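Visitor: Chains as they are written, first to last, in this note's numbering: chain V, 548 to 653; chain D, 548 to 653.
We put the beta carbon where it would ideally sit given N, CA and C, even for glycine.
All of these numbers come straight from a predicted model, not from anything done at the bench.
Dumping the structure here so I can ask a few things about it.
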DNA sequence: TCTATATTTGGCAATTTAGCCAAATGGCCA
DNA sequence: TGGCCATTTGGCTAAATTGCCAAATATAGA
């Protein structure tokens, strides 16, 4: 049971780690709206294509996004839409933190 | 607007990064049930106290947990309960991934 | 005050990550 | 086939992260 729960936390951490980067969050955010090819995302992000491609492979390996080749382009989509609720939790943490600091300032 | 959204993604990434570790996830999971002192968590986790203390400081700096000193012990609590919905999203990703691999195996 | 317990901090070695360039791969079309 | 476009991969360096030990700090109690 101990080992099993350890494996569970490792599996979760792997996914969370994949999202733990500003650029990858931006990508996830964009993909929550519509599918995008690497070229679209590269333009959005403003880094080298190879960098964006590597970020995408991190997300793909973690199972956060899915890729589909059509013609010479590769389109990425989110695998599940729950990412939005995920983000709303993060925003709650940010807000809670801000409020607490406001209290301290009084 | 561009810089603003960049800062937003960085703020979010900071919090997500704080959770992106199996041990810290285990801690967050435990704290979602009840408050715990460092000694309790150290026993649970099974690492050196200093290691656990550093994990806790990562979570504290990110605003995920709050600490309160009482006597010679320091008790940690979750700052917001939404972490649970956060985890359920992660589980969805894991499940979606598993199902897709099952399909491939057919 | 002296000691034991609880926690944090400093420091260090090993590992992982990020981002760039250059090169390889794959598809499209003249 | 040859050349162009889209994407991935290899390789490299710089920076960040992890986990341990040792040492510092704080509190409670004899």
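Do you know offhand how far residue 605 (chain V)'s Cα is from residue 567 (chain V)'s?
Guide: 11 Å
Visitor: Are the CB atoms of residue 639 (chain V) and residue 627 (chain D) nearer to each other than 7 Å?
Guide: yes
Visitor: Measure the CB-CB distance between residue 636 (chain D) and residue 629 (chain V) and report whether it falls below 7 Å.
Guide: yes
Visitor: What residue ranges within the region 558-590 of chain V form continuous alpha helix (DSSP H) runs of no fewer than 4 residues, ordered along the chain?
Guide: 569-578
Visitor: Evaluate residue 609 (chain D) with the Cβ neighbour count: other Cβ atoms within 10 Å of its Cβ, from every protein chain shown; 16 or more gives buried, anything less gives exposed.
Guide: buried
Visitor: Check the DSSP bridge columns for residue 614 (chain V) and list the partner residues they point to.
Guide: V:623
Visitor: Return the CA-CA distance between residue 613 (chain V) and residue 624 (chain V), expressed in angstroms with no decimal places.
Guide: Between the alpha carbons of residue 613 (chain V) and residue 624 (chain V) lies a gap of roughly 5 Å.
Visitor: Measure from the C-beta of residue 569 (chain V) to each C-beta in chain D and report whether the shortest distance is under 7 Å.
Guide: yes
Visitor: When you compare the CB positions of residue 599 (chain V) and residue 588 (chain V), do they come within less than 7 Å of one another, or not?
Guide: yes
Visitor: Roughly how far, in whole angstroms, is the beta-carbon of residue 563 (chain V) from the beta-carbon of residue 562 (chain D), given that I think they are within contact range, below 8 Å?
Guide: Rounded, the Cβ-Cβ distance is 10 Å, inconsistent with contact.
Visitor: Would you kindly work out how many angstroms separate the C-alpha atoms of residue 617 (chain V) and residue 644 (chain V), rounded to a whole number?
Guide: If I take the Cα positions, the gap works out to 44 Å.
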